[in-house]
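Chemist:
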Amino acid sequence: MPQVRANGIQLEFESFGRESDPTILLVMGFSGQLTMWPVSLCEGLAGKGFRVIRYDNRDVGKSTHLMDAGVPDIAALMGALATGAPTNAPYLLDDMAADAAGLLDAVGVERAHIVGASMGGMIAQLVAANHADKTRSLTSIMSTTGKRDLPPAKPEAMAALMTPPASTSREDRIEAALNTWRTIGSPGYPATEAELRAGAERDIDRVPYEPTGIARQMAAIIASAPRNEKLAGVRAPSLVIHGADDPLVPVEGGKDTAASIPGAELIIVPGMAHDFTAALAPVYLKHIGDFVMRVEGRNPGVQAQLVPLDSGSRFQRVRNDGVRFGCKRGLRLILPACDPPPP
Numbered sequence: 000m001p002q003v004r005a006n007g008i009q010l011e012f013e014s015f016g017r018e019s020d021p022t023i024l025l026v027m028g029f030s031g032q033l034t035m036w037p038v039s040l041c042e043g044l045a046g047k048g049f050r051v052i053r054y055d056n057r058d059v060g061k062s063t064h065l066m067d068a069g070v071p072d073i074a075a076l077m078g079a080l081a082t083g084a085p086t087n088a089p090y091l092l093d094d095m096a097a098d099a100a101g102l103l104d105a106v107g108v109e110r111a112h113i114v115g116a117s118m119g120g121m122i123a124q125l126v127a128a129n130h131a132d133k134t135r136s137l138t139s140i141m142s143t144t145g146k147r148d149l150p151p152a153k154p155e156a157m158a159a160l161m162t163p164p165a166s167t168s169r170e171d172r173i174e175a176a177l178n179t180w181r182t183i184g185s186p187g188y189p190a191t192e193a194e195l196r197a198g199a200e201r202d203i204d205r206v207p208y209e210p211t212g213i214a215r216q217m218a219a220i221i222a223s224a225p226r227n228e229k230l231a232g233v234r235a236p237s238l239v240i241h242g243a244d245d246p247l248v249p250v251e252g253g254k255d256t257a258a259s260i261p262g263a264e265l266i267i268v269p270g271m272a273h274d275f276t277a278a279l280a281p282v283y284l285k286h287i288g289d290f291v292m293r294v295e296g297r298n299p300g301v302q303a304q305l306v307p308l309d310s311g312s313r314f315q316r317v318r319n320d321g322v323r324f325g326c327k328r329g330l331r332l333i334l335p336a337c338d339p340p341p342p
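Residue numbers (numbering that gives the first Met the number 0): 0 to 342.
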């Protein structure tokens with residue numbers, strides 16, 4: 000996969016779809032590699048006429064690991080947060096948002112639909128707040144504002160997330176990952192054991208074990224200020240998606256996010272918790288796809304195919320409602336530049 004230099008570090012990324020299409024930037028959450036975004040979701044969004052970019056955040060996957068920044072004391076940070084004392088971290092979520100904006104600059108994208116999940120949702124919120132010129136729209140999934148009085152994660156969910164593997168062996172690391180996903184998985188959209196194991200093996204085999212990076216990511220979450228005031232200034236079209244059964248980031252976090260952003264839409268999905276199972280991928284594709292298509296001025300309920308009209312210079316777009324109209328801009332699955340004539 001290619002890498003670019005952005006905000007002073009190297010970021011690994013992967014792109015789906017045509018570079019000329021509007022861009023969707025996918026920002027993964029705490030400790031998650033770019034591979035956690037389902038390929039079916041990326042390809043599905045690309046099939047709707049978007050360029051989709053997923054990338055590794057700093058300190059995870061194949062992007063830069065800031066080893067020289069040291070290992071933060073998470074317990075001390077949590078104690079400082081509880082008492083209101085100042086907190087120090089190697090970097091903040093604002094820095095990770097600057098990474099995302101820098102990635103867009105590096106690949107030549109003027110503005111993008113920013114989609115983030117969990118910690119990635121926090122980063123996406125800050126891209127929209129701090130880098131409005133780079134933001135076409137915001138989608139925040141299973142995330143929160145960081146407001147201090149919101150309900151916390153269930154103890155068993157936080158324990159599963161933060162408990163290290165029994166050893167650094169491959170099998171113990173796989174078992175730790177499986178325990179996490181079983182604990183925070185979606186009861187209405189369950190994954191099979193084979194799916195969970197395949198995902199854990201994929202991510203563990205992709206890069207060497209390096210646990211200090213996720214400690215720095217956790218420190219960034221703890222030390223970053225609540226985002227409510229910044230979100231009040233967001234003017235990009237915004238969508239919040241949250242699972243009704245999320246044990247790690249309770250649904251109140253999603254509700255507070257939507258309430259903080261003027262005009263934001265809120266979708267609460269029954270049976271969804273805090274994961275990206277194969278069963279959930281069509282749900283994400285539906286909600287994200289419909290939203291970004293509306294922002295682009297397209298009708299998400301109108302699908303189209305192209306039928307040749309002559310030797311190849313013109314094609315006819317056939318909508319699912321039977322309306323036909325000519326287009327001279329070439330053969331593509333989705334042609335946002337070619338609008339139907341007025342009825």
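C-beta: ideal position from N, C-alpha, C; glycine also.
Between Leu230 and Ile260, is the Cβ-Cβ spacing less than 7 Å?
Modeler: Yes, the pair counts as a contact, with Cβ atoms nearer than the cut-off.
Chemist: Select from Gly107, Ile240, Arg172 the residue whose C-alpha is nearest the C-alpha of Val114.
Modeler: Here the closest residue by C-alpha is Ile240.
Chemist: Quick check: the Cα distance between Ala81 and Lys254, rounded to an integer number of angstroms?
Modeler: Answer to the nearest angstrom: the Cα atoms are 23 Å apart.
Chemist: Let's test the definition: count the other Cβ atoms within 10 Å of the Cβ of Pro21 and tell me whether it reaches 16, buried, or not, exposed.
Modeler: By the neighbour-count rule (16 or more Cβ atoms within 10 Å), Pro21 is buried.
Chemist: Determine the contact status of Asp345 and His64, defining contact as a CB-CB distance below 7 Å.
Modeler: A question about residue 345 goes unanswered here, because the residues of the chain that appear run from 0 up to 342.
Chemist: Can Asp274 be considered in contact with the ligand ADP, in the sense that its beta carbon sits closer than 6 Å to one or more heavy atoms?
Modeler: This structure does not include the ligand ADP; it has no bound ligands of any sort.
Chemist: With a threshold of 7 Å on Cβ separation, who are the neighbours of Ile122 within its own chain once the five nearest residues in sequence on each side are excluded?
Modeler: Excluding residues within five positions, the ones whose Cβ falls inside 7 Å are Val26, Leu92, Met95, Ala96, Ala99, Gly115.
Chemist: Among the candidates Asp289, Glu295, Tyr54, whose CA atom is the shortest distance from the CA of Gly119?
Modeler: Cα-wise, what sits closest to Gly119 is Tyr54.
Chemist: Alpha carbon to alpha carbon, how far is Ala5 from Gly107? Give it in angstroms, no decimals.
Modeler: Each residue's Cα considered, the two are about 12 Å apart.
Chemist: I'd like the span of the alpha helix (DSSP H) that includes Gly120, first residue to last.
Modeler: Counting along the chain, the alpha helix (DSSP H) containing Gly120 begins and ends at 118-129.
Chemist: Using the three-state DSSP reduction, which class does Thr22 fall into: helix, strand or coil?
Modeler: Thr22: strand per DSSP, three-state reduction.
Chemist: Alpha carbon to alpha carbon, what distance is there between Gly83 and Ala45?
Modeler: Going from the Cα of Ala45 to the Cα of Gly83 covers about 45 Å.
Chemist: Counting Cβ pairs, one atom from each stretch, are 3 or more of them under 8 Å apart for the stretch 207-221 and the stretch 234-248?
Modeler: No, the stretch 207-221 does not touch the stretch 234-248.
Chemist: On the CB-based measure, 16 or more other CB atoms within 10 Å of its CB, does Gly212 come out buried or exposed?
Modeler: It counts as buried.
Chemist: Shortest alpha-carbon distance to Leu137 belongs to which of Leu33, His286, Ala74?
Modeler: Out of Leu33, His286, Ala74, His286 has the C-alpha closest to the C-alpha of Leu137.
Chemist: Nearest-angstrom Cα distance between Gly31 and Lys153?
Modeler: For Gly31 and Lys153, the distance between alpha carbons rounds to 20 Å.
Chemist: Where does Glu11 land, buried or exposed, given buried means 16+ other C-beta within 10 angstroms?
Modeler: Answer is buried; the Cβ neighbour count reaches 16.
Chemist: Contact defined as beta carbons within less than 8 Å: I believe Gly252 pairs with Ser185. What is the distance between those atoms, to the nearest angstrom?
Modeler: That belief does not hold up - the Cβ atoms of Gly252 and Ser185 are roughly 16 Å apart, past 8 Å.
Chemist: Should the stretch 140-147 be called in touch with the stretch 163-173, which here means at least 3 C-beta pairs below 8 Å?
Modeler: Result no; under three Cβ-Cβ pairs closer than 8 Å.
Chemist: Pick out whichever of Val250, Ala159, Glu264 has its Cα sitting closest to the Cα of Pro150.
Modeler: It is Val250.
Chemist: For Leu284, name the three-state secondary structure that DSSP assigns.
Modeler: Leu284: helix per DSSP, three-state reduction.
Chemist: Return the Cβ separation of Arg215 and Pro89 in integer angstroms, given the expectation that the two are a contact with Cβ distance under 8 Å.
Modeler: Yes, they are in contact, since the Cβ atoms of Arg215 and Pro89 sit about 5 Å apart, within 8 Å.
Chemist: Please give me, in chain order, every unbroken run of the alpha helix (DSSP H) with length at least 4 that falls completely inside the stretch 112-198.
Modeler: Listed in chain order, the complete alpha helix (DSSP H) runs (minimum 4 residues) inside the stretch 112-198 are 118-129, 154-161, 169-183.
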